[in-house]
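So the structure is just underneath, and the comments pick up after that.
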Amino acid sequence: MGMGLLFDATRCIGCGACSSACKEQNKLPGKVEEVLTAYTWTTVKEKEGTNIRRLCMHCEVPTCASVCPVAALVKTAEGPVVYDAKRCMGCRYCMMACPFEIPKYQWDSAVPIVGKCILCAGRLKEGLATACATACPVEATTFGKKEDLIWEARTRLRSKPGAYVNQIYGLTEAGGTSVMMISNVPFEKLGLKSNLPAEPPAMRTWQVLSNIPDFVGVWGVFLYGIHWITARRERVADTANHDNGREDRS
Amino acid sequence: MSTAATLTSRRFRPGFWTIVAALLFLAFCTVTVIRFTKGLGAVTNLSDQFPWGLWIGFDLLCGVGLAAGAFTLTAVVHLFNLKKFEPIVRPTILTGFLGYAFVIVALLLDLGQPWRIWHAIVYWNPHSVMFEVAWCVMLYTTVLAVEFSPVVLEYFGFHAPARLIHRLITPLVILGVILSTLHQSSLGSLYLIVPSKLHPLWYSPMLPLHFYISAIGAGIGMVILESYLSGRAFHRHLEMDLLEPLARGMVVALGIYGLMRLQAIRRNHAFGSILEFGYEGKMFLLEFTLGVILPVALMSIRKLRSNPDWLVGGAFMAVLGFVMNRLNISITGMEAASGTRYLPSGMEIIVSVGLVATGMAVFAFAVRTFPIFPEGQGAPSKESELGA
């Protein structure tokens, strides 16, 4: 199941330490922006009196990884969905397809690449927590094993039922994610999509793509069969025209 | 291939359209330079909220779709053995090839780092529809080039390779039809992955089939249209005995497609959003009336179908409706979920229009240089209007 993050909106004070730490850790230029961009991989925003973080959810079956034609985006066993900028040719299908609208592009660059949170994959390898979780002064963002985080989230929802909306965002959304959120305000009011099916979107295309090899064989034989029949029909007609049938054209 | 003739105008005279095409080409080159020095943001209205725009919606989706006449007609002639259509196969293959060349040039501009386009050959991800699209573009463009090559080879006197290709035509055509089937449908599959983003008037699990069948319909419309345009430019007669039955094929394809679309909308319970008559509803009505209802209704009537003006009008509506459909899927239907409006920038439009003009100029050059149009009907009565 790997590692993940739990964000508790009721704890967040909106200080923005996570965004700044992220910039520093990933050497992203410029100031922290209002919305996610190729240079700002996580934001904190106040909505409905609650502070909500936006960052890559690190799906269990990532739509971005499934659509990337060159496999530049990959889900690692430790949890992060990482991005290999050297492979990316810039088709931007990941941006189109991501149900959480996370990958962003360097529109101002002549050699542009995609930018998105990579769950500090390098730090994880060294056994460290993500920069954002480490920087958080109030433990609004917690790093840990995903199963422990689910257990922790359930405990909080159960112990203070009135303080939370009874939902762990990310448990089932788009097939489940490594980043999960709990909040006192319904998630759609915080700008998060609430209409995401539990089936990963990637399954919809795989149902079609996995049938291609079978289809090619059947379609090829069918088309050749049509040719065979029509060509033979012509030959028979020619033979009939030429009485003795020596003129055998195909 | 049957005997064919080159279309010659008596002398080269740069006419109005030549100058327009040349100016558009220059504008296209200018935008290209800005795009590669300042980045995509400097020339397009694309954004993080709306990463795919006109170049995908028009250049890619329509360029490939309208090239569908090539695989349809090669199948009709070489597999279904309806030899009477052979005279218009060559111009159709040429259009197909130019359509695909147009798509590739547009992709080179739209990709962030097009010099890495070969990565699709080296780094595989069979789970990606874009991976399938990339391979289909590469392979089918090659097939089209080989299918067209005998015309060029014979022109330069290389008869042996031309004969070889002619003997391999059946497997070549089958390969072309398979690749086209995959490619046309895969462009629809691209949108299968955005069920929560694409408007229910257009989203359907059957999108691949919608794309495939509508491309056959509009591809045939394109064959009719291009016969008309080259007829006008070179003062040839329309091959009505061939185009009239093609229009019947178009009616059948568009009819099946129209029914499938209505079924999909019913399944999505989206008829309500047509009646609401909002932005999406209006755009759908325009697209469906123009692209399906009118061409099917009008071209079902033999009298209209046999009249060159009505025939060309019907084909034009089908092509226009097809373009609207692809733009609606790639732009109109995606706007609400993106939370933003997208209108292409002037420079994006210049690239698309410039590429279309360049394609038409190359077509005009090719039909003048190589024997492409059927003999007898090819003799121009007076000097051409389309200068280059």
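Going line by line, the protein sequences match chains A and B. With this note's numbering, letter number 232 in the first sequence gets 244, and the count goes up by one each step, no holes. With this note's numbering, letter number 217 in the second sequence gets 242, and the count goes up by one each step, no holes. For glycine and all other residues, C-beta sits at the position ideal for the given N, C-alpha and C. Here the structure is a predicted model, which means the values were calculated and not measured.
Taking a contact to mean a Cβ-Cβ separation below 8 Å, would you say A:F155 touches A:Q179 in this structure? What you label residue 155 of chain A is simply residue 143 of the first sequence in a count that begins at 1. What you label residue 179 of chain A is simply residue 167 of the first sequence in a count that begins at 1. No, the Cβ-Cβ distance between A:F155 and A:Q179 is not below 8 Å.
For B:G15, count the other beta carbons within 10 Å of its own beta carbon; 16 or more makes it buried, fewer makes it exposed. Which is it? Here chain B comprises residues numbered 26 to 413, so residue 15 of chain B is not present and cannot be evaluated.
Among A:G182, A:A147, A:T142, whose alpha-carbon lies nearest the alpha-carbon of A:E159? Residue numbering aside, residue 159 of chain A sits at position 147 when the first sequence is read from its first letter. Nearest option by C-alpha distance: A:G182.
Smallest Cα separation from B:R330: which of B:L268, B:E301, B:V277? In the second sequence, residue 330 of chain B corresponds to position 305, counting from 1. It is B:L268.
At the level of alpha carbons, what is the spacing between B:P333 and B:T62? Taking the first residue of the second sequence as position 1, residue 333 of chain B is located at position 308. Taking the first residue of the second sequence as position 1, residue 62 of chain B is located at position 37. Straight-line Cα distance between these residues: approximately 48 Å.
With three or more beta-carbon pairs closer than 8 Å as the criterion, would you say the region 353-360 of chain B touches the region 207-224 of chain B? Short answer: they touch.
The alpha helix (DSSP H) with A:G156 in it runs from where to where? Mapped onto the first sequence, residue 156 of chain A falls at position 144. No alpha helix (DSSP H) contains A:G156, which is instead part of the beta strand (DSSP E) from 153-157.
B:L323 lies in the alpha helix (DSSP H); which residues open and close that run? What you label residue 323 of chain B is simply residue 298 of the second sequence in a count that begins at 1. Segment 319-324, the alpha helix (DSSP H) holding B:L323.
Where A:G285 and B:I129 are concerned, what is the direct C-alpha to C-alpha distance, given to the nearest angstrom? A query on residue 285 of chain A cannot be resolved here, the shown segment of chain A reaching from 13 to 262 and no further.
Taking only three categories from DSSP, how would you classify A:L18? Translated into the one-based positions of the first sequence, residue 18 of chain A becomes position 6. The answer is strand: DSSP assigns A:L18 an E or B state.
B:Y237 and B:T206 look like a contact to me (Cβ under 8 Å); what is the Cβ gap, rounded to whole Å? Counting from 1 along the second sequence, the entry for residue 237 of chain B is found at position 212. Counting from 1 along the second sequence, the entry for residue 206 of chain B is found at position 181. Cβ-Cβ separation between B:Y237 and B:T206: approximately 6 Å, consistent with a contact (criterion under 8 Å).
Compute the Euclidean distance between the alpha carbons of A:G229 and B:W149, then round it to the nearest angstrom. In the first sequence, the residue the question calls residue 229 of chain A occupies position 217. In the second sequence, the residue the question calls residue 149 of chain B occupies position 124. A direct Cα-Cα distance of roughly 21 Å separates A:G229 from B:W149.
Under 8 Å, do B:G121 and B:L169 count as touching if we go by C-beta distance? Looking up residue 121 of chain B in the second sequence gives position 96. Looking up residue 169 of chain B in the second sequence gives position 144. For B:G121 and B:L169, yes; Cβs fall inside 8 Å.
Using Cβ-Cβ distances below 7 Å, what residues of the region 156-171 of chain B are close to chain A? Hits within the stretch, in order: F156, E157, A159.
Does the Cβ-Cβ distance between A:E185 and A:L202 come in under 8 Å? One-based indexing of the first sequence puts residue 185 of chain A at position 173. One-based indexing of the first sequence puts residue 202 of chain A at position 190. Cβ atoms of A:E185 and A:L202: not closer than 8 Å.
Residues bridged to A:C100 [DSSP beta-bridge criterion]: Residue mapping note: residue 100 of chain A aligns to position 88 of the first sequence, counting from 1. Under the DSSP definition of a beta bridge, A:C100 lacks any partner.
Is the beta carbon of B:M349 closer than 8 Å to that of B:G306? Working through the second sequence from its first residue, we reach residue 306 of chain B at position 281. Working through the second sequence from its first residue, we reach residue 349 of chain B at position 324. It is not a contact, given that the beta carbons lie outside the stated cut-off.
Does any CB atom of chain B fall closer than 8 Å to the CB of A:C34? Sequence index remark: in the first sequence, residue 34 of chain A carries index 22 (1-based). It does not; no Cβ of chain B falls within 8 Å.
Sequence ranges, alpha helix (DSSP H) only - wholly within the region 364-395 of chain B, length at least 4: Runs of the alpha helix (DSSP H) inside the region 364-395 of chain B: 371-394.
For A:A29, collect the residues of the same chain with a Cβ closer than 7 Å to its Cβ; drop the 5 residues on either side in sequence, then sort them by chain order. The residue you call residue 29 of chain A lines up with position 17 of the first sequence. Cβ neighbours of A:A29 beyond the five flanking positions: A147, C148, P149.
Say whether chain B places a C-beta atom closer than 8 Å to the C-beta of A:D250. As a working note, residue 250 of chain A is residue 238 in the first sequence. Under the Cβ distance rule, A:D250 does not count among the residues neighbouring chain B, no pair being separated by less than 8 Å.
Apart from the five residues just before and just after B:L250, which ones in its own chain have a Cβ nearer than 7 Å to its Cβ? One-based indexing of the second sequence puts residue 250 of chain B at position 225. The beta carbon of B:L250 sits closer than 7 Å to those of V337, A340, F341, V344, all from its chain and outside the five residues before and after it, given in chain order.
Between A:R65, A:S195, A:C34, A:C103, which has its C-alpha nearest A:I130's C-alpha? Here residue 130 of chain A refers to the residue found at position 118 of the first sequence. Nearest C-alpha to A:I130: A:C34.
Under 8 Å between C-beta atoms of A:P111 and B:S153: As a working note, residue 111 of chain A is residue 99 in the first sequence. As a working note, residue 153 of chain B is residue 128 in the second sequence. Their beta carbons are not under 8 Å apart, which means A:P111 does not touch B:S153 by this criterion.
To which residues of the same chain is A:L169 closer than 7 Å at the C-beta, ignoring the five residues directly before and after it? As a working mapping, residue 169 of chain A is identified with position 157 in the first sequence. Hits under 7 Å: Y176, N178, I194.
Counting only runs of 3+ residues fully inside the region 51-111 of chain A, write out the beta strand (DSSP E) ranges in chain order. The qualifying runs are 55-59, 62-66, 85-87, 93-95.
Would DSSP call B:E410 helix, strand or coil? Position 385 of the second sequence holds residue 410 of chain B. For B:E410, the predicted model reports a pLDDT of 37, less than 50, meaning its position is unreliable; a value from the coordinates is still stated below. In this structure, B:E410 counts as coil in the three-state DSSP scheme.
With a floor of 4 residues, list each alpha helix (DSSP H) that falls wholly inside the region 151-201 of chain B, ordered by position along the chain. The qualifying runs are 154-180, 184-192.
B:Q402 to B:H262 span [Cα, whole Å]: Numbered from its first residue, the second sequence carries residue 402 of chain B at position 377. Numbered from its first residue, the second sequence carries residue 262 of chain B at position 237. Any reading at B:Q402 needs caution, since the residue's pLDDT is 43, under 50, leaving its predicted position unreliable; the model's value is listed next. If you draw a straight line from the Cα of B:Q402 to the Cα of B:H262, it is about 6 Å long.
Taking only beta-carbon atoms, is A:R261 less than 8 Å away from chain B? Within the first sequence, numbered from 1, the residue matching residue 261 of chain A stands at position 249. Low confidence applies to A:R261: its pLDDT is 48, below 50, so where it sits in the model is not reliable enough to give any reading.
Rounded to a whole number of angstroms, what is the C-alpha to C-alpha distance between B:Y165 and A:V56? Numbered from 1 along the second sequence, position 140 holds the residue referred to as residue 165 of chain B. Numbered from 1 along the first sequence, position 44 holds the residue referred to as residue 56 of chain A. Cα-Cα distance, rounded: 48 Å.
A:R65: which of A:A210, A:D226, A:I125, A:D20 sits nearest, CA to CA? Within the first sequence, residue 65 of chain A is the residue found at index 53, counting from 1. Comparing Cα-Cα distances from A:R65 to each of A:A210, A:D226, A:I125, A:D20, the minimum goes to A:D20.
C-beta atoms of B:A382 and B:L49 nearer than 8 Å: Position 357 of the second sequence holds residue 382 of chain B. Position 24 of the second sequence holds residue 49 of chain B. Yes, the pair counts as a contact, with Cβ atoms nearer than the cut-off.
May I ask you to report which of helix, strand or coil DSSP gives B:K328? Within the second sequence, residue 328 of chain B is the residue found at index 303, counting from 1. Three-state DSSP puts B:K328 in a helix.
Are the CB atoms of B:V101 and B:G124 within a distance shorter than 8 Å? Counting from one through the second sequence, the residue named residue 124 of chain B turns up at place 99. Counting from one through the second sequence, the residue named residue 101 of chain B turns up at place 76. Taking C-beta atoms as the reference points, B:G124 and B:V101 fail to come closer than 8 Å.
Can you give me the Cβ contacts of B:W80 inside the same chain, cut-off strictly under 6 Å, excluding the 5 residues immediately before and after it? Taking the second sequence and counting its residues from 1, one reaches residue 80 of chain B at position 55. Here the set comprises A131, D135.
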